[in-house]
Amino acid sequence: MIHVLAAAERNIKNAVGRNNMNTVIAKVDPNNIDRNIINEAACILKNGGLVAFPTETVYGLGANGLNKDACKKIYEAKGRPSDNPLILHISDISQLSKLISEKNDISEKIIKKFWPGPLTLIFKKSEIVPNEVSGGLNTVAIRYPENPVAKALIDACGFPIAAPSANSSGKPSPTLAKHVYDDLLGKIDMIIDGGSTVFGLESTIIDVSEGKAVILRPGAITKEMLEEIIDNVGIDPSILKLSSDVKPKAPGMKYKHYSPNAEVILVKGDKNNVINYINKCIKEKSEENKSVGVMTVDENIILYNSQNVISLGKSEDFEEIGKNLFKALREFDYRNTDFVYSECFEEVGEGLAIMNRLKKSAGGKIINV
Ligand code: AMP
Ligand code: MG
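In short: position in the sequence shown from 1, add 18, done, that's the working numbering.
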């Protein structure tokens, strides 16, 4: 028997969403997994349906990764551009070889050290991977997640699960089942609520398809961590320079992303200048009857003259900041915020991933003070 979060919510579900589909919401304790729920979810996926599930990075929106019609439904539910490929999720390294056409020493080293975990690898694809997964590319993205709910679900299916983040395209990625519910209710068959995700930023993506390691998307597995096991870790130029003339190699990185309804503005510079500038903006915008939010760190929270200030964590704790970033961006939406001013972070370690997501949420807008 599926434990449904709230019966009342099921009724709302039938009334909202363009597809008017009933979405089952089932809670699963990652430390004591209810196999009945996992089997029900696997049954939906086997029949070509869509299930959102937790991973250690963000929630994923899953379909049978070898069924092109099922994968097409992911694009429809998310409103995702068709040239933005999906990641195939596996639950054992033995499942990798039939999905790819080439391995090399570099991929072997990375897999040994970082799988299962928050890391996706790009390989040359095998023939069984549908074009709907690879977005027409001759490569495929593969990840072996560590989250026990994700692992149990993939095991129960017996096929790789294709899953991008379970948000509406362009919105911040979901780090709670509630975020999935807000974006996809009535558009997908099931949401497995496994609580808050651990990392809160999407996986690091590394292209190993050309015999060297190139970071296409920064994440919790950092360049510095990779350099401990391999020499010459490259980084896609679009990550360092966010501009329309540098085309990212991961198609998804070219889209505006991670955006709440509010306009996000990043403010960079000496700490006092940043705080003074943001306080000046709070005053000016409030006089225009606009609601202003501030994204900051624990140490600075009391320095802003606004009721709508969210701290992402201690300034040195990039893990915590990464974990809270998307949740904070969504919170500003719940508070009907018009403008969000955010402090910037040093682009080292996980700071590179945090700033990458922040810059995208701001559409590249940074004010230097
Ligand atoms: P999401 O899971 O929502 O973060 O989306 C998957 C990300 O992986 C997107 O940014 C895609 O562009 C990227 N991706 C998937 N497959 C490939 C591939 N074959 N080559 C490069 N990037 C890829
Ligand atoms: Mg995504």
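C-beta: ideal position from N, C-alpha, C; glycine also.
Who are the near neighbours of residue i in its chain, counting only those whose CB is closer than 7 angstroms to its CB and skipping five residues on each side?
| i | result |
| --- | --- |
| T41 | K31, L203, G204, I206, D207, M208, I209 |
| N279 | D351 |
| S214 | T193, L194 |
| G35 | In this prediction, G35 scores a pLDDT of 46, lower than 50, which makes its location untrustworthy; no coordinate-derived value is stated. |
| N250 | K230 |
| N354 | S309 |
| I296 | V285, V312, Y322, Y359 |
Report yes if the CB atom of residue i is closer than 7 angstroms to the CB atom of residue j, and no otherwise.
| i | j | result |
| --- | --- | --- |
| A174 | G83 | no |
| I248 | I124 | yes |
| S100 | T157 | no |
| I223 | Y162 | no |
| T138 | I92 | no |
| I129 | K286 | no |
| I239 | F132 | yes |
| A88 | G66 | yes |
CB-CB under 6 angstroms to residue i, same chain, minus the five flanking residues each way: which ones, in chain order?
| i | result |
| --- | --- |
| Y276 | P190, R375, K378, S379 |
| S187 | K96, G97, R98 |
| A371 | L219, P236, G237 |
| D225 | I140, V232, L234 |
| E317 | S333 |
| R28 | Unreliable positioning characterises R28 in this predicted model, as indicated by a pLDDT of 40, which lies under 50. The coordinate reading is nonetheless provided below. Here the set comprises nothing. |
| V216 | E74 |
State buried or exposed for residue i, treating a residue as buried only when at least 16 other CB atoms are found within 10 Å of its CB.
| i | result |
| --- | --- |
| G381 | exposed |
| E245 | exposed |
| S256 | buried |
| F229 | Note that residue 229 is Gly in the sequence shown, not Phe. So G229 ends up on the exposed side. |
| I319 | exposed |
| R53 | exposed |
| I111 | exposed |
| L63 | buried |
| M373 | buried |
| N165 | buried |
| L171 | buried |
| L258 | exposed |
| N388 | With the chain running from 19 to 387 in the structure shown, residue 388 is simply not present. |
| N85 | buried |
| E242 | exposed |
| I300 | buried |
| G135 | buried |
Give every residue of the same chain whose Cβ lies closer than 8 angstroms to the Cβ of residue i, excluding the five residues on either side of it in the sequence, and list them in chain order.
| i | result |
| --- | --- |
| L330 | M313, T314, V315, E338, I339, N342, L343, A346 |
My guess is that residue i and residue j are in contact by the Cβ rule of under 8 angstroms, so how many angstroms apart are they, rounded?
| i | j | result |
| --- | --- | --- |
| S152 | P103 | 5 angstroms |
| V198 | A184 | 5 angstroms |
| S401 | T75 | Shown here, the chain extends from 19 to 387; a query on residue 401 therefore has no answer. |
Q: Report the residue ranges of all alpha helix (DSSP H) runs contained in full by the segment 216-249; include only those spanning at least 4 residues, in chain order.
A: Correct list: 241-245.
(Q) Just to confirm the assignment: which complete beta strand (DSSP E) runs, minimum length 3, are found wholly within the segment 315-350? (A) You should have 327-329.
Q. Residue ranges of each alpha helix (DSSP H) run of no fewer than 4 residues wholly in the segment 31-88, ordered along the chain?
A. Counting whole runs of 4 or more residues, the segment 31-88 contains the alpha helix (DSSP H) stretches 53-64.
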